[in-house]
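Single-structure report; data block below.
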Amino acid sequence: MFEALSDKLKKVLKDLRGESRLTPEHLDLAMREIRIALLEADVNFKVVRGFIERVKEQAIGQAVLQQLSPGQQVVKIVYDEMVRMLGGTSSRLLFTSRRPNPVMIVGLQGSGKTTSTGKISRWLQQNQNRNPLLLSVDVYRPAARDQLAVIGKALGIPVFAGEGLSDPLELCRAARLHCEQVGFDTLLIDTAGRLHIDEELMTELDSIKREMQPSEILFVADAMTGQDAVQSAREFNERLGLTGVVLTKMDGDARGGAALSIREVTGQPIKFVGVGEKYDALEPFYPERIASRILGMGDVLSLIEKVQSEVDEKEALKLQEKLESDEFTLEDFRDQLRQVKKLGSLDSILSMIPGDLFGGMPKMTPEMTAQMERELKKTEAIINSMTPLERERHQIINGQRRRRIALGSGTNVSDVNNLLKQYVEMRRMMRQMTQGGMLGGLGGRVARRITGIGSKRKKKKKKRR
Amino acid sequence: MFWKRKKGSDFITLGLNTPAEPEPEVKSEEIEEQTPAAADVARIEPVGAPVMAEAPRDDASVEEEGFMRRFRRAVQATRESISTRLDEAVRGRRQIDAETLDELEEILIGADIGVQTTMSIIEDVRKQVNRQTLRDVDELKHVIKDRLLSILLEAGRSRGVASETAVAADVRPYVLMVVGVNGTGKTTTIGKLAQRIKAEGNDVLICAADTFRAAASDQLAVWAERAGVPLIQQRQGTDPAAVLFDSLKAAAARNSDVLIVDTAGRLHNKANLMAELEKMKRIAGREVPGAPHETLLVIDAVTGQNGLTQAREFLKAADVTGIVLTKLDGTAKGGIAVAIARELNLPIRYCGIGEKADDLVVFDAKTYVDGLFE
Numbered sequence: 379m380f381e382a383l384s385d386k387l388k389k390v391l392k393d394l395r396g397e398s399r400l401t402p403e404h405l406d407l408a409m410r411e412i413r414i415a416l417l418e419a420d421v422n423f424k425v426v427r428g429f430i431e432r433v434k435e436q437a438i439g440q441a442v443l444q445q446l447s448p449g450q451q452v453v454k455i456v457y458d459e460m461v462r463m464l465g466g467t468s469s470r471l472l473f474t475s476r477r478p479n480p481v482m483i484v485g486l487q488g489s490g491k492t493t494s495t496g497k498i499s500r501w502l503q504q505n506q507n508r509n510p511l512l513l514s515v516d517v518y519r520p521a522a523r524d525q526l527a528v529i530g531k532a533l534g535i536p537v538f539a540g541e542g543l544s545d546p547l548e549l550c551r552a553a554r555l556h557c558e559q560v561g562f563d564t565l566l567i568d569t570a571g572r573l574h575i576d577e578e579l580m581t582e583l584d585s586i587k588r589e590m591q592p593s594e595i596l597f598v599a600d601a602m603t604g605q606d607a608v609q610s611a612r613e614f615n616e617r618l619g620l621t622g623v624v625l626t627k628m629d630g631d632a633r634g635g636a637a638l639s640i641r642e643v644t645g646q647p648i649k650f651v652g653v654g655e656k657y658d659a660l661e662p663f664y665p666e667r668i669a670s671r672i673l674g675m676g677d678v679l680s681l682i683e684k685v686q687s688e689v690d691e692k693e694a695l696k697l698q699e700k701l702e703s704d705e706f707t708l709e710d711f712r713d714q715l716r717q718v719k720k721l722g723s724l725d726s727i728l729s730m731i732p733g734d735l736f737g738g739m740p741k742m743t744p745e746m747t748a749q750m751e752r753e754l755k756k757t758e759a760i761i762n763s764m765t766p767l768e769r770e771r772h773q774i775i776n777g778q779r780r781r782r783i784a785l786g787s788g789t790n791v792s793d794v795n796n797l798l799k800q801y802v803e804m805r806r807m808m809r810q811m812t813q814g815g816m817l818g819g820l821g822g823r824v825a826r827r828i829t830g831i832g833s834k835r836k837k838k839k840k841k842r843r
Numbered sequence: 007m008f009w010k011r012k013k014g015s016d017f018i019t020l021g022l023n024t025p026a027e028p029e030p031e032v033k034s035e036e037i038e039e040q041t042p043a044a045a046d047v048a049r050i051e052p053v054g055a056p057v058m059a060e061a062p063r064d065d066a067s068v069e070e071e072g073f074m075r076r077f078r079r080a081v082q083a084t085r086e087s088i089s090t091r092l093d094e095a096v097r098g099r100r101q102i103d104a105e106t107l108d109e110l111e112e113i114l115i116g117a118d119i120g121v122q123t124t125m126s127i128i129e130d131v132r133k134q135v136n137r138q139t140l141r142d143v144d145e146l147k148h149v150i151k152d153r154l155l156s157i158l159l160e161a162g163r164s165r166g167v168a169s170e171t172a173v174a175a176d177v178r179p180y181v182l183m184v185v186g187v188n189g190t191g192k193t194t195t196i197g198k199l200a201q202r203i204k205a206e207g208n209d210v211l212i213c214a215a216d217t218f219r220a221a222a223s224d225q226l227a228v229w230a231e232r233a234g235v236p237l238i239q240q241r242q243g244t245d246p247a248a249v250l251f252d253s254l255k256a257a258a259a260r261n262s263d264v265l266i267v268d269t270a271g272r273l274h275n276k277a278n279l280m281a282e283l284e285k286m287k288r289i290a291g292r293e294v295p296g297a298p299h300e301t302l303l304v305i306d307a308v309t310g311q312n313g314l315t316q317a318r319e320f321l322k323a324a325d326v327t328g329i330v331l332t333k334l335d336g337t338a339k340g341g342i343a344v345a346i347a348r349e350l351n352l353p354i355r356y357c358g359i360g361e362k363a364d365d366l367v368v369f370d371a372k373t374y375v376d377g378l379f380e
């Protein structure tokens, strides 16, 4: 996508080479492309209008830099402006010393309030050292309170049952009292999802706000929201005064232009993004990443961070030593595969990598990644079918052993041969790498190496056709 | 008429695309035939829910009119409807100029109709203006309206869905699968569908195959109880295909007319979850020939351009036959459905217009487009 945008810009700006400054005429053409790109990413058209104006102002008259092509330069201006607009990187919730600090979670139906409530409580417990109590005041949707109860149980975070109570305000008061008595310092209130034009609900939310005086009011918005994001965000903000935004379902492939719209109309920072169905799939918000994503530039930063947090440093170091002393066994190889698996599905990993990182490798389709995942599984199965001694010393694996391993793993001998070949080559490569002093980024390297194997094969197939 | 099944005849009319033609005689027979049959099946009796089948036909069509009116109102509820904005754009202008077209472009994009579809509509208009066949500003409205209408009507014309016309009586159970991304309103839609299909005299069974989300089947159970429809469910975490299998067996044993299958919400870019849907589809087809007979994709009206990708991926994995547009009672009007209709040839079949059990209506393209413009 980024390729597409910068390519288009390259085309419309190609005759700018000879000139020393960006001219309005050229920019008009470029802005048209940028406008379409933003609209396709679901940024609200009014927000786009203002945005384009500002970018244009900044760009006109700028000297054409030598290092960048005019197209790249325009993209950079756009990107920088977008990051500035999205700004405010704090993902900490602000609390006072009172007990409890109520936090209201509000939003449209189906935006992911209840799941987010669970995720945030876990986050607060782990990152801000809070002791939260969960409360659902969604007395309307069938089983909404049960849903929160199940989530709380899974997380080991208490949920206020409020048996016999069916009035949101009464529930709030009772939960607050419970917090005071038991000593919970944070009360997360999961509210009912309703439409922002539903007067009754907005009044109800307002009365909860008055009663509870929450420290934070977080607006949960679906990253897939289209042009209407502006309307609902504005309405909630005007009625309640939001203090932050949670953007959910960012693990989908929506470009998330709604983030820009919501930020613009509420003026409140986006504090978290939801990136999966598991309860730890909540990340702090980084404007750079969303900006790249809206512009279709991939999300390399997220990937790097993911690799860093998931790959155990100690293990990596141990591996390093092994590699240096040439003791990298098939057992270690399997551990590496498992590390890669820990990062999540290949799909999600690859979706974070911009297309041009593998030297213009064509975009992976889900079928291709599924194929690669099957390969990984097969590899693991083969190693699992080896004896410890074989894993330790691959040289002893002769024809007979290969047949047995193939039988045991449900593969055939050529698969086993391939794996051993790959392993030997990988060992050699890794030794070279470590000697080159590539410390730290080992997990990433391995991931790339393994995915690289798959892609090479794909390329060959293409050529044959 | 929403759904209709004539027992004892060779065909079951589901009456989705046919106008509500009152046939009082058939209706009363149907009730007589239905009631004893219904009593044989162990089921939860409706708890104070309005049962439309027992209402005289006249009331039913009045009811249907009521739906249309409410649908129209829901669609119109936009504060800045296309129409008012269009009027503003052309105020004081005699002729259609470039600026009017730019405004028009923003209006359409602002309704989530999408860049591609909008561009094609604008291009059409531009051509007509250049050819001098379109000059009047008032006419512009009609042209766009016609264009949107033809996109919506065209969709699905080639895509035959059994329930559009008639289903042979031996198609039993008629399997209806409901899919979509998280939080679009699948479970609620199923609750509403079950209520209405049952109200028209069919034996309905619901399969709670959303075994993933916390308390999903509890939510569905509440709906099932409201509708008085039996529900097949299992513990959270069970393989959804297994629940589906059980449900298909149960539906066969009970001789149910319609089996509605709830599925867990899934993002369309998760290959393994999409594969799970394919598996469910396969199982259904193996147990009941031709099943699932209908697969509805639920799309939230606030969804932006990603809706098109959603539809594309679900179409690929689950052979979606139609769209249900939910939460139309908000300010978003689900314009993405127009883009889906245009690019993927998928018709919108139902609309959710509220939170109550009867807040589900059969989509009517003309009412929808009129609503956008009134």
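Protein chains in written order, with our numbering: chain A, 379 to 843; chain B, 7 to 380.
Every residue, glycine too, gets a C-beta built ideally from N, C-alpha and C.
Here the structure is a predicted model, which is why all the values come from computation and not from measurement.
Cutoff 7 Å; reference residue i; Cβ partners in own chain excluding five residues on either side
{"i": "Arg-132 of chain B", "result": "Leu-107"}
{"i": "Leu-797 of chain A", "result": "Thr-757 and Ile-760"}
{"i": "Gly-490 of chain A", "result": "Val-598, Asp-600, Thr-626, Lys-627 and Gly-652"}
{"i": "Arg-805 of chain A", "result": "Phe-706"}
{"i": "Ile-157 of chain B", "result": "Val-344, Ala-347 and Arg-348"}
{"i": "Pro-546 of chain A", "result": "Val-515, Val-517, Glu-582 and Ile-586"}
Pairwise C-alpha distance: residue j and residue i
{"i": "Glu-768 of chain A", "j": "Lys-276 of chain B", "result": "36 Å"}
{"i": "Glu-206 of chain B", "j": "Val-560 of chain A", "result": "53 Å"}
{"i": "Lys-287 of chain B", "j": "Lys-454 of chain A", "result": "47 Å"}
{"i": "Asp-420 of chain A", "j": "Asn-208 of chain B", "result": "42 Å"}
{"i": "Ala-270 of chain B", "j": "Arg-554 of chain A", "result": "34 Å"}
{"i": "His-574 of chain A", "j": "Ser-610 of chain A", "result": "6 Å"}
{"i": "Leu-566 of chain A", "j": "Thr-193 of chain B", "result": "25 Å"}
{"i": "Phe-663 of chain A", "j": "Lys-372 of chain B", "result": "43 Å"}
{"i": "Glu-435 of chain A", "j": "Asp-458 of chain A", "result": "14 Å"}
Own chain, CB closer than 6 Å to residue i, minus 5 neighbours either side, in chain order
{"i": "Ile-761 of chain A", "result": "Leu-708 and Arg-712"}
{"i": "Gln-242 of chain B", "result": "Thr-217"}
{"i": "Gln-525 of chain A", "result": "Thr-492"}
The alpha helix (DSSP H) enclosing residue i, as first and last residue numbers
{"i": "Val-425 of chain A", "result": "423-437"}
{"i": "Asn-136 of chain B", "result": "121-136"}
{"i": "Phe-614 of chain A", "result": "607-618"}
{"i": "Ser-639 of chain A", "result": "636-644"}
{"i": "Pro-766 of chain A", "result": "766-770"}
{"i": "Ala-510 of chain A", "result": "It is Pro, not Ala, that sits at residue 510 of chain A in the sequence shown. No alpha helix (DSSP H) contains Pro-510 of chain A, which is instead part of the beta strand (DSSP E) from 510-514."}
Pair within 8 Å by beta-carbon distance, residue i and residue j
{"i": "Ser-593 of chain A", "j": "Thr-474 of chain A", "result": "yes"}
{"i": "Ala-437 of chain A", "j": "Leu-405 of chain A", "result": "yes"}
{"i": "Asp-606 of chain A", "j": "Ala-256 of chain B", "result": "no"}
{"i": "Ile-102 of chain B", "j": "Arg-141 of chain B", "result": "yes"}
{"i": "Val-184 of chain B", "j": "Val-267 of chain B", "result": "yes"}
{"i": "Ser-253 of chain B", "j": "Cys-213 of chain B", "result": "yes"}
{"i": "Ile-127 of chain B", "j": "Ile-150 of chain B", "result": "yes"}
{"i": "Leu-155 of chain B", "j": "Pro-179 of chain B", "result": "no"}
{"i": "Leu-331 of chain B", "j": "Ile-305 of chain B", "result": "yes"}
Where residue i falls, given that 16 or more other Cβ within 10 Å makes a residue buried
{"i": "Ser-787 of chain A", "result": "buried"}
{"i": "Tyr-374 of chain B", "result": "buried"}
{"i": "Gly-186 of chain B", "result": "buried"}
{"i": "Pro-28 of chain B", "result": "Low local confidence applies: a pLDDT of 35 at Pro-28 of chain B is under 50, so the model's placement there is unreliable, with the coordinate-based value given in what follows. Burial call: exposed."}
{"i": "Pro-478 of chain A", "result": "buried"}
{"i": "Gly-21 of chain B", "result": "Interpretation of Gly-21 of chain B is limited by its pLDDT of 36, a score under 50 that renders its predicted location unreliable; the figure taken from the coordinates is listed afterwards. Classification for Gly-21 of chain B: buried."}
{"i": "Ala-415 of chain A", "result": "buried"}
{"i": "Gly-296 of chain B", "result": "exposed"}
{"i": "Met-807 of chain A", "result": "exposed"}
{"i": "Gly-341 of chain B", "result": "buried"}
Beta strand (DSSP E) segment containing residue i, residue limits
{"i": "Lys-649 of chain A", "result": "648-652"}
{"i": "Ala-200 of chain B", "result": "No beta strand (DSSP E) contains Ala-200 of chain B, which is instead part of the alpha helix (DSSP H) from 192-205."}
Other residues of its chain near residue i: CB distance less than 8 Å, five sequence neighbours each side excluded
{"i": "Val-802 of chain A", "result": "His-772"}
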